[in-house]
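Top to bottom, those sequences are chains Y and C. Just so we're aligned, residue 1 is where the first sequence starts under the working numbering, counting upward by one. Just so we're aligned, residue 131 is where the second sequence starts under the working numbering, counting upward by one. Working notes, beginning with the structure itself.
2 protein chains.
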Amino acid sequence: MADDLTLRIDLDSAVPAYRQIVDGLRILLVSGRLAAGAELPSVRRMATDLGVHFNTVAEAYRTLADEGWLDLRHGRGARVVSRDAPAASREHLEEFGHRLRALAAEMMAKGAPAAKLRSLMRTVAEELEP
Amino acid sequence: MADDLTLRIDLDSAVPAYRQIVDGLRILLVSGRLAAGAELPSVRRMATDLGVHFNTVAEAYRTLADEGWLDLRHGRGARVVSRDAPAASREHLEEFGHRLRALAAEMMAKGAPAAKLRSLMRTVAEELEP
DNA sequence: CCTACTGTACAGTGTATGTGTACAGTAAAC
DNA sequence: GTTTACTGTACACATACACTGTACAGTAGG
């Protein structure tokens with residue numbers, strides 16, 4: 001069921017592969033495209049799809065299991081579980097502000113026009129609970 | 131002149147210290163609060179202010195010099211230079227979209243309400259060339 | 001010259017990341 | 001029950017990265 005949700009990572013990126021996998025899957029989990037009960041591909045299957053070692057995928061699955069998204073059981077694969085959201089904290093919102101500004105500054109330094117970044121931000125903002 | 135522009139970093143963060151310094155300074159550079167001609171504090175001065183080793187600051191300065199923001203000369207300190215923006219690329223905008231979605235998903239997973247993230251995105255979007 | 005500053009270079013240490021290999025749990029075929 | 005073919009797990013190893021300690025080299029003013 002989850003097999004058609006293709007995930008892409010960039011092996012040349014400075015961002016570690018396992019973190020890219022976590023980030024990509026978390027987008028699907030938060031948005032509900034990967035809902036409770038869904039089976040994730042096995043670590044070896046996803047590893048060959050992405051071109052990494054299966055232990056790298058296992059590390060990503062473990063990270064998401066620690067966050068409460070996955071039920072990871074020896075011999076039986078990885079399953080998405082229902083998860084109650086933790087309480088929000090002011091620190092997290094401040095962190096979001098900092099990282100968002102840093103991200104925007106990095107892209108503008110690379111030549112991205114501010115207008116494009118603004119419209120992209122609006123697009124993504126509207127994707128959140130549409 | 132630049133000494134009052136305080137920079138804060140989180141030594142407990144998973145983000146490397148030198149990258150936090152680069153990100154923080156780049157926000158000031160892109161926004162123009164650090165303009166051409168400004169002198170940056172010496173690597174040792176900023177290092178003691180932030181609580182890191184001066185070589186860590188030096189690495190950050192070198193990164194920004196490679197990006198074309200700083201003129202870094204042996205024995206004479208670090209100075210902000212004028213810099214013509216590089217050409218934008220479609221890849222950079224796609225990267226921005228991916229990283230922005232990943233950032234939003236991470237914060238929502240931590241419990242941040244979508245509405246707050248949206249308003250914060252609008253705030254930051256309006257800060258870009260106001 | 002000398003002193004006091006500046007950035008630079010490089011080796012050493014600890015941690016993070018990714019891989020290879022062996023292991024252990026599960027379920028279905030037989 | 002045993003076998004087979006899958007599942008995730010554990011740990012040692014290699015490499016890269018982040019950070020520090022220390023020594024060095026350039027610059028400016030006394």
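Every residue, glycine too, gets a C-beta built ideally from N, C-alpha and C. From a predicted model like this one, the values you see are computed outputs, not experimental measurements.
Residue 156(C) reaches chain Y at 102, 105, 106, 109, counting residues in chain order whose Cβ is nearer than 8 angstroms. The bridge partners DSSP lists for residue 169(C) are 209(C). Comparing alpha-carbon positions, the option among 181(C), 210(C), 163(C) lying closest to residue 257(C) turns out to be 163(C).
Using a C-beta cut-off of 8 angstroms, the segment 175-182 of chain C makes contact with the segment 134-145 of chain C, since at least three inter-stretch Cβ pairs fall below that distance.
In the structure shown, residue 10(Y) falls within a coil segment according to DSSP collapsed to helix, strand and coil. Between residue 145(C) and the set 11(Y), 102(Y), 60(Y), 27(Y), the nearest pair of CA atoms involves 102(Y). Between the segment 234-246 of chain C and the segment 17-28 of chain Y, the count of C-beta pairs closer than 8 angstroms reaches three or more; the two stretches touch. In summary, the residues of the segment 12-36 of chain Y whose CB is separated from some CB of chain C by less than 8 angstroms are 23, 24, 26, 27, 29, 30, 31, in the order they occur in the chain.
Secondary structure of residue 71(Y) (DSSP, three-state): strand. The residue among 90(Y), 81(Y), 121(Y) with its C-alpha nearest the C-alpha of residue 224(C) is 121(Y).
At least one beta carbon of chain C lies nearer than 9 angstroms to the beta carbon of residue 123(Y). Taking CB atoms only, residue 51(Y) has no neighbour in chain C less than 9 angstroms away.
Listed along chain C, the residues sitting closer than 7 angstroms to residue 99(Y) by beta-carbon distance are 233.
Here residue 64(Y) is near residue 26(Y), since their CB atoms are less than 9 angstroms apart.
By the Cβ-count criterion, residue 123(Y) is exposed, with fewer than 16 other Cβ atoms from all chains shown falling within 10 Å of its own Cβ. Interface annotation, residue 126(Y): in contact with chain C, CB-CB separation under 9 angstroms. For chain Y, the residues of the segment 191-211 of chain C that bring a beta carbon within less than 7 angstroms of one of its beta carbons are 197, in chain order. Here DSSP, grouped into helix, strand and coil, assigns residue 240(C) to coil. Across the structure, residue 42(Y) and residue 62(Y) are spaced so that their CA atoms are roughly 13 angstroms apart.
The Cβ-Cβ distance between residue 168(C) and residue 209(C) falls below 9 angstroms. Under the criterion of beta carbons closer than 8 angstroms, residue 220(C) and residue 198(C) do not qualify as touching, at roughly 21 angstroms. Residue 53(Y) sits in coil when the DSSP states are folded into three classes, being neither helix nor strand.
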